[in-house]
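What follows is a set of notes on a single structure, which appears directly below.
Chains as they are written, first to last, in the numbering used here: chain E, 145 to 257; chain Y, 11 to 124.
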């Protein structure tokens, strides 16, 4: 089976712009979670989607949003980019919710100038 | 609330030496615990997972971890380090409730010296 894929792998944006990141889960996986990784804050949970519904949200401002499609693919959007949004954004998929193992994609590295 | 603490942000060992990476957790319910490894410019790769079936869990690449409830620990070990083990290692616990939220430790960078 193909693993979790994320596009694009690298992005450079300027402050104030918005960005959309895409994640395709492993075939058959229904849950998708997003994480932000930075040197200062480490790995932080952004949100979780299951059956096209956001089930859980981390402590991030409303500029961060996402959605899940009927084929379980997910996108996350960040509006009005700030310098502090520069990070590696990781997507993970699992069969179901709860204690299922999460499998991670390679990430999208976002640089905000 | 669940939390994870990894003791030591950097660990350095010689090739062939024992690797010990420490992880302590806090959980109000029986925890589901994970170790992931991250190589430079890559995502996280699952090393192993504790699900209460056995206290000693074997993972990939010769790694294993022992769950000790009395110590609330889930330390990762490997008998003999290899140069290719140099990476960042993360311990994680699943958040409470039926959630897909993983709570990560701050990570430990493993350096392997020749």
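The C-beta atom is built at its ideal place from N, Cα and C for all residues, glycine as well.
Source: prediction; values computed, not measured.
CA-to-CA distance, residue j to residue i, given in whole angstroms
i             : j             : result
residue 234/E : residue 119/Y : 19 Å
residue 19/Y  : residue 179/E : 20 Å
residue 24/Y  : residue 95/Y  : 11 Å
residue 13/Y  : residue 161/E : 34 Å
residue 245/E : residue 72/Y  : 20 Å
residue 174/E : residue 21/Y  : 37 Å
residue 80/Y  : residue 42/Y  : 16 Å
residue 215/E : residue 166/E : 13 Å
residue 228/E : residue 250/E : 21 Å
residue 52/Y  : residue 38/Y  : 32 Å
residue 11/Y  : residue 159/E : 35 Å
residue 168/E : residue 54/Y  : 16 Å
residue 241/E : residue 189/E : 15 Å
residue 56/Y  : residue 50/Y  : 15 Å
residue 35/Y  : residue 109/Y : 18 Å
residue 32/Y  : residue 123/Y : 19 Å
Residues near residue i in its chain [Cβ-Cβ closer than 7 Å; skip 5 each side]
i             : result
residue 152/E : 252
residue 230/E : 254, 255 and 256
residue 184/E : none
residue 212/E : 176, 193, 196 and 218
residue 40/Y  : 62
Residue interval of the beta strand (DSSP E) (run including residue i)
i             : result
residue 91/Y  : Unbroken run through residue 91/Y: none, as it is neither H nor E.
residue 123/Y : 118 to 123
residue 16/Y  : 13 to 17
residue 257/E : Here residue 257/E belongs to no beta strand (DSSP E), and DSSP marks it neither H nor E.
residue 114/Y : 112 to 114
residue 222/E : 218 to 222
residue 134/Y : Summary: the structure shown does not reach residue 134/Y, with chain Y confined to residues 11 through 124, and so no result is reported for it.
residue 146/E : Premise fails: residue 146/E is in no beta strand (DSSP E) and is neither H nor E.
residue 234/E : 231 to 238
Close-in-space but distant-in-sequence residues of the same chain around residue i (CB under 8 Å, 5 per side omitted)
i             : result
residue 163/E : 155, 157, 221, 222, 225 and 254
residue 170/E : 145, 146, 147, 148, 237 and 247
residue 67/Y  : 58, 59, 60, 74, 75, 76 and 77
residue 121/Y : 20, 21, 22, 23 and 96
Same chain only: Cβ atoms within 6 Å of residue i, ignoring 5 sequence neighbours per side
i             : result
residue 90/Y  : 26
residue 114/Y : 100 and 102
residue 44/Y  : 59 and 102
residue 187/E : 179 and 181
residue 209/E : 221
Contact list for residue i against chain A, beta-carbon separation under 8 Å
i             : result
residue 177/E : The structure shown contains no chain A; its protein chains are E and Y.
Practice item. Counting only runs of 3+ residues fully inside the region 49 to 86 of chain Y, write out the beta strand (DSSP E) ranges in chain order. Key: Taking only runs of at least 3 residues, the beta strand (DSSP E) segments lying wholly in the region 49 to 86 of chain Y are 54 to 60, 66 to 68 and 74 to 78.
Review point. Taking the runs of the beta strand (DSSP E) that are 3 residues or longer, which of them lie wholly in the region 151 to 211 of chain E?
Key: Secondary structure remark: continuous beta strand (DSSP E) runs of at least 3 residues inside the region 151 to 211 of chain E, in chain order: 154 to 157, 163 to 168, 175 to 182, 186 to 194 and 197 to 201.
Check your understanding: Quick one: complete beta strand (DSSP E) runs, 3+ long, within the region 23 to 50 of chain Y?
Key -> Runs of the beta strand (DSSP E) lying entirely within the region 23 to 50 of chain Y, each at least 3 residues long, are 29 to 36 and 43 to 48 in chain order.
Point to revise | Contact set between the region 50 to 77 of chain Y and chain E, restricted to residues whose Cβ is under 9 Å from the partner | key: Answer in chain order: 51, 52, 53, 54, 55, 56, 59 and 61.
Exercise for review: Select from the region 74 to 100 of chain Y all residues with a C-beta closer than 7 Å to any C-beta belonging to chain E, and list them in chain order.
Suggested key: Answer in chain order: 100.
Check your understanding: If you measure beta-carbon to beta-carbon, which residues of the region 18 to 41 of chain Y are closer than 8 Å to chain E?
Key -> Residues: none.
Review point. Between the region 109 to 121 of chain Y and chain E, which residues of the former have a C-beta closer than 9 Å to a C-beta of the latter?
Key: Here the close residues are 109, 110, 111, 112, 113, 114, 115, 116 and 117.
Point to revise | Residues, ordered as in the chain, of the region 190 to 207 of chain E that lie near chain Y by beta-carbon distance below 8 Å | key: For the region 190 to 207 of chain E, which is checked against every Cβ of chain Y, the residues closer than 8 Å are 192, 194, 199, 200 and 202.
Review point. What residues from the region 220 to 248 of chain E come within 8 Å of chain Y, judged by C-beta to C-beta, listed N to C?
Key: Listed by position along the chain: 234, 236, 238, 241, 242, 243, 244, 245, 246, 247 and 248.
Exercise for review: Could you list the residues in the region 146 to 169 of chain E with a C-beta less than 7 Å from some C-beta on chain Y, going in chain order?
Suggested key: Residues: none.
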